[in-house]
Amino acid sequence: MISTVFIDRPRLAIVIAVIITIAGALALLRIPVSQFPDIVPPQVQVSGTYPGASAQVVEASVAQPLEAQMVGVDRMLYMKSTSGNDGSYNLTISFDLGSDPNIDTVNVNNRVQTALSQLPPTVTQQGLTVQKRSSAILMFLMLYSENGQQDPLFITNYGTINVLDEISRTPGVGQASLFGKLKYSMRIWFDTQRLISLNLAPSDIISAIQAQNVQAPIGRIGARPIGDDQQFQLNLQTQGRLTKPEDFGNIVVRANPDGSTLRVRDVARVEMGAQNEDASSRLSGKPAVAIGVYLAPGANAVQTSARVAATLAKVAQRFPEGLRYQIVYDSTDFVKDTIGEVFRTIMQGFGLVVLVVFIFLGSVRATIIPAVAVPVSLIGTFAILLAVGFSANTVSLLALVLAIGVVVDDAIVVVENVERVMGEEPHLSPAEATKKAMRQITGPVIAISLVLLSVFVPIAFIPSVSGQLFRQFAVTISVAM
Numbered sequence: 079m080i081s082t083v084f085i086d087r088p089r090l091a092i093v094i095a096v097i098i099t100i101a102g103a104l105a106l107l108r109i110p111v112s113q114f115p116d117i118v119p120p121q122v123q124v125s126g127t128y129p130g131a132s133a134q135v136v137e138a139s140v141a142q143p144l145e146a147q148m149v150g151v152d153r154m155l156y157m158k159s160t161s162g163n164d165g166s167y168n169l170t171i172s173f174d175l176g177s178d179p180n181i182d183t184v185n186v187n188n189r190v191q192t193a194l195s196q197l198p199p200t201v202t203q204q205g206l207t208v209q210k211r212s213s214a215i216l217m218f219l220m221l222y223s224e225n226g227q228q229d230p231l232f233i234t235n236y237g238t239i240n241v242l243d244e245i246s247r248t249p250g251v252g253q254a255s256l257f258g259k260l261k262y263s264m265r266i267w268f269d270t271q272r273l274i275s276l277n278l279a280p281s282d283i284i285s286a287i288q289a290q291n292v293q294a295p296i297g298r299i300g301a302r303p304i305g306d307d308q309q310f311q312l313n314l315q316t317q318g319r320l321t322k323p324e325d326f327g328n329i330v331v332r333a334n335p336d337g338s339t340l341r342v343r344d345v346a347r348v349e350m351g352a353q354n355e356d357a358s359s360r361l362s363g364k365p366a367v368a369i370g371v372y373l374a375p376g377a378n379a380v381q382t383s384a385r386v387a388a389t390l391a392k393v394a395q396r397f398p399e400g401l402r403y404q405i406v407y408d409s410t411d412f413v414k415d416t417i418g419e420v421f422r423t424i425m426q427g428f429g430l431v432v433l434v435v436f437i438f439l440g441s442v443r444a445t446i447i448p449a450v451a452v453p454v455s456l457i458g459t460f461a462i463l464l465a466v467g468f469s470a471n472t473v474s475l476l477a478l479v480l481a482i483g484v485v486v487d488d489a490i491v492v493v494e495n496v497e498r499v500m501g502e503e504p505h506l507s508p509a510e511a512t513k514k515a516m517r518q519i520t521g522p523v524i525a526i527s528l529v530l531l532s533v534f535v536p537i538a539f540i541p542s543v544s545g546q547l548f549r550q551f552a553v554t555i556s557v558a559m
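Residue numbers (our numbering): 79 to 559.
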């Protein structure tokens, strides 16, 4: 019997127990920590803008062609879309649990490219964004002006350039996005009465701006095949794209036969401002911008939150005077409290079990065996959880709490039977008495374990999202036994 091998070789049993404990302890340092198992399907988001269009127009001209192409994407579960009166369009496609978000993004992007020819030219010029999306919100933070010197437009652009990329590059962060962001733009307000009197249309102004606001490559002077007498080669540079309202106002719209010119400033008012002011954020009445940070699949929420906080502290050292940040929501606060309470419950349960065993067995030596068996079993379980891709969450830790009683029961049965044999047959040595006791109870102990496994193992094969919750519970308690 296998028990005889370990009775004759106690050092082998000790080494195996130490290896299991070390493997579990190392896994505990690397295993993802979250409130619940990863049960949210991978999602890919397609977003675009149709300036000036109503929700009905966006739905008819953008949503229908795109969504018709999305039908049948590999491993797609369902999709949902929103069309706004501000011309915005967002399509979110959910995929099977376990599918690769990167492959899903590529598949969706291929379908989007197929649908581009059916979309309005304005939409394609604005561009469509295809990106994998995480719905696991890690935290929300606010960039705000403490003294009111910075307006939301400045804060948004400063956050986009100096903060957002730093957060996105933090290990464990799946996505970081601005809410209510305001983009710098050159706003041109037409004088419609003036346009009509000059027999012009808004498209004439737009065409003039597009033609004259370009980054044009001019060329070089002194390049081959010029003769050998040329000593220098110069790259020609032009002003490039316009950056000031005055420059846009000087754009020529039309040249009149008398030699005069009609410029943009003659028919419109030019100013620099926000491209869209439909949304805004404030913190305690101060100008602010909200940043949402999302967790990457399989990442450790607690560690990622700490990394983001460290990144923000480093970036804040370069903030201009008056600009501050504040973390207004951190999902790991609840996770840390919950995980801490569960660990305390495990320790309290373990302590109570050891106390009860000592009281009823009445022997310190007999109590040591269950007291050693339980930590080895529980800590070693984390190695298996990491290997199969599970996380340390409230569900798996609850299973460990329940597993304490199961593991202790088997240990108590072994200890009590060994003591009984030693008492009834005092002529036997402790090793021989242990072997005899194990021969008597090995079958029943294995049978009890198999009966318990027959209850929990089938639960691990329940499909769907709810099955994912039960699967972690079943696997954890089965491995611990």
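Glycine is no exception: its CB is placed at the ideal position from the N, C-alpha and C atoms.
Counted within 10 angstroms of its Cβ, other Cβ atoms place residue i as buried (16 or more) or exposed
i, result
"Met-516", "buried"
"Lys-259", "buried"
"Pro-110", "buried"
"Ala-465", "exposed"
"Phe-310", "exposed"
"Ala-391", "exposed"
"Ser-338", "exposed"
"Asp-488", "buried"
"Arg-87", "exposed"
"Ala-384", "exposed"
"Asn-313", "exposed"
"Asn-180", "exposed"
"Val-186", "buried"
"Ala-103", "exposed"
"Ser-112", "buried"
"Ala-196", "Note that residue 196 is Gln in the sequence shown, not Ala. Exposed, by the Cβ-count rule."
"Pro-398", "exposed"
"Ser-172", "buried"
"Arg-211", "buried"
"Asn-225", "exposed"
"Ala-388", "exposed"
"Ser-573", "For residue 573 there is no data in the structure shown, the boundaries of the chain being 79 and 559."
Residue i - partner residues in DSSP beta bridges
i, result
"Lys-158", "Thr-170"
"Met-217", "Val-371, Asp-408"
"Ile-299", "Leu-312"
"Phe-365", "At residue 365 the sequence reads Pro, which differs from the Phe that was named. Beta-bridge pairing links Pro-365 to Arg-360."
"Lys-210", "Val-122"
"Arg-402", "Tyr-222"
"Val-111", "Ala-470"
Supposed contact pair residue j and residue i - C-beta distance, whole angstroms, cut 8 Å
i, j, result
"Arg-189", "Val-241", "At roughly 33 Å, the Cβ-Cβ gap does not stay under 8 Å, so Arg-189 and Val-241 are not in contact."
"Gly-165", "Pro-129", "5 Å"
"Ser-223", "Ile-233", "6 Å"
"Val-454", "Phe-551", "21 Å between Cβ atoms; not a contact."
"Met-220", "Val-393", "At roughly 14 Å, the Cβ-Cβ gap does not stay under 8 Å, so Met-220 and Val-393 are not in contact."
"Gly-250", "Ala-377", "4 Å"
"Leu-273", "Val-345", "6 Å"
"Thr-183", "Val-122", "5 Å"
"Thr-382", "Leu-216", "6 Å"
"Met-341", "Ile-329", "One point to set straight first is that residue 341 is Arg, not Met, in the sequence displayed. With 8 Å as the limit, Arg-341 and Ile-329 qualify as a contact, their Cβ atoms being about 6 Å apart."
"Leu-373", "Gly-252", "6 Å"
Segment limits, alpha helix (DSSP H) that includes residue i
i, result
"Lys-236", "Before going on, a small fix: residue 236 reads as Tyr here, not Lys. First-last of the alpha helix (DSSP H) with Tyr-236: 230-236."
"Ser-81", "80-86"
"Met-148", "142-148"
"Gln-387", "Note on residue identity: the sequence assigns Ala, not Gln, to residue 387. 379-394 is the span of the alpha helix (DSSP H), which, as asked, contains Ala-387."
"Val-190", "179-193"
"Ser-285", "280-290"
"Glu-244", "243-246"
"Thr-321", "Per DSSP, Thr-321 belongs to no alpha helix (DSSP H) and is neither H nor E."
"Gln-203", "199-204"
"Ala-133", "133-136"
Terminal residues of the beta strand (DSSP E) in which residue i lies
i, result
"Ser-263", "262-268"
"Ser-255", "251-257"
"Gln-121", "121-127"
Quick check on the DSSP output: what are the complete beta strand (DSSP E) runs of length 3 or more inside the stretch 526-556, in order along the chain? The stretch 526-556 is shown to contain no whole beta strand (DSSP E) run of 3 or more residues.
Complete runs of the alpha helix (DSSP H) confined to the stretch 428-479 [at least 4 residues]: Within the stretch 428-479, the complete alpha helix (DSSP H) runs of at least 4 residues are 442-465.
Enumerated in chain order, which unbroken segments of the beta strand (DSSP E) with a length of 3 residues or greater are wholly contained in the stretch 325-362? Counting whole runs of 3 or more residues, the stretch 325-362 contains the beta strand (DSSP E) stretches 330-333, 339-341, 346-352, 359-361.
4 or more residues per run - each alpha helix (DSSP H) lying fully within the stretch 482-512: Qualifying alpha helix (DSSP H) stretches: none in this window.
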